[in-house]
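One structure is given below, encoded as structure tokens.
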Amino acid sequence: MKIRKATYDDESFILKANDEVNMVSGITNKSMLETNLNKDLFCKSPKFKCLIAEDDGKKVAYCAYSYIYWVNKGRGIYLSNIYVVPQCRRKGIVNFLMKYIQTHEKNVKFITGLVGNENEIMQKVFAKLGAEDVNMLTYYLKF
57 MKIRKATYDD ESFILKANDE VNMVSGITNK SMLETNLNKD LFCKSPKFKC LIAEDDGKKV
117 AYCAYSYIYW VNKGRGIYLS NIYVVPQCRR KGIVNFLMKY IQTHEKNVKF ITGLVGNENE
177 IMQKVFAKLG AEDVNMLTYY LKF
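Going by my numbering, the letters in the sequence shown line up with residues 57 to 199, in that order.
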């Protein structure tokens, strides 16, 4: 298993994976990722980080994240999106990605993420990783 930074050549894989995650999560509104990917990731000052997991040269997963600060916990990682191709699930790839982030991201105290109510797969993954369900309501202010 190889983990690397995403490149422009990964664009179609990332967009397809994002669509699948949105579908499983019950998100029906159009994603802005297609419009914003080049200017937000493949640019001089990226707004987020994106990792690609490969197995035998084939893309099997991706993870998009950025930094946040929570006054009760300190500096952390917000997992914006994580996806593993169906035929490679249950092989520890998400765990491998989380360990990679923990090892390579310095001065980070936690990893957090929002999981759609309908995304039972990711809810189980987080539970298996030992993530704490903080059971907080999420509010989203749109500008």
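For glycine and all other residues, C-beta sits at the position ideal for the given N, C-alpha and C.
Item                                                                                 : Value
Enclosing alpha helix (DSSP H) for Asn137 [first to last residue]                    : First-last for Asn137: 130–140, but that is the beta strand (DSSP E), not the alpha helix (DSSP H).
Beta carbon of Lys115 nearer than 9 Å to that of Val141                              : yes
Cross-strand partners of Ser122 (DSSP beta bridge)                                   : Tyr134
Cross-strand partners of Phe166 (DSSP beta bridge)                                   : Gly132
With 16 other Cβ atoms within 10 Å as the buried cut-off, status of Asp189           : exposed
Beta strand (DSSP E) segments (min. 3 residues) lying fully within the region 70–119 : 105–111
Unbroken alpha helix (DSSP H) run spanning Lys180, endpoints                         : 176–184
Presumed contact (8 Å Cβ cut-off) between Val77 and Asn137, rounded CB distance      : 6 Å
Contact under 9 Å by Cβ, His57 with Phe152                                           : One detail in the question is off: residue 57 reads as Met in this sequence, not His. In this structure, Phe152 lies closer than 9 Å to Met57 by Cβ.
DSSP state of Lys198 mapped onto helix, strand, coil                                 : coil
For Lys147, the first and last residue of its enclosing alpha helix (DSSP H)         : Segment: none, Lys147 is in no alpha helix (DSSP H) and carries neither H nor E.
Distance, Cys119 Cα to Ser68 Cα                                                      : 14 Å
Any non-hydrogen atom of the ligand SAH closer than 8 Å to Leu107 Cβ                 : By its list of ligands, the structure shown contains no ligand whatsoever, and the ligand SAH lies outside what it can speak to.
Proximity of Asn74 and Tyr123 at Cβ, strictly below 9 Å                              : no
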